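Numbering (numbering that gives the first Met the number 0), first residue to last: 0 to 116. All C-beta atoms, glycine included, are put in the ideal place defined by N, C-alpha and C. On a predicted model such as this, the values are computed, not experimentally measured, just so you know.
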Amino acid sequence: MDLAFRRRFAFIDLEPSLGDVWRDWVVNHRRMDLATASAIEQRLNQLNQTIAAYSRLGRALRIGHSYATPTRSMEGRNSKDWFAEVVSTELKPLLEEYWFDAPDEVELAVAQLIAGW
């Protein structure tokens, strides 16, 4: 479904909005740990570079900030555990759609997103 919508609205260029504004919002409004927010930003940016460079995917399929923005406060919750859950329940299935014929790419990307956590 995600791919269908992205192709249907391919005339609209959306850029992933990970950066200072996103980081400030998740840290100050959602109480995410700053170090974790910075790590998530860096890891998603690296993944987006890989996706953009992949000949069968490209810039239109980069992952946006909504996947890395908690819907409620992280106060009292572990930010790394939260993101690891997002990776396993939302990002991994998305990447499996992207790389349906390259499961090794999926596993590598998932491992890089949660490395050391």
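* Asked: Quick one, are the C-beta atoms of W21 and K79 less than 8 Å apart?
  -> no
* Asked: Under the rule that 16 or more other beta-carbon atoms within 10 Å means buried, what is A114, buried or exposed?
  -> exposed
* **Beta-carbon proximity of P69 to V109, cut-off 8 Å** => no
* Note the first and the last residue of the continuous alpha helix (DSSP H) segment covering F82. => 78 to 85
* Counting only the same chain and skipping the five closest in sequence on each side, list residues whose C-beta sits under 8 Å from that of I62. => P15, L43, L46, N47, I50, L90, L93
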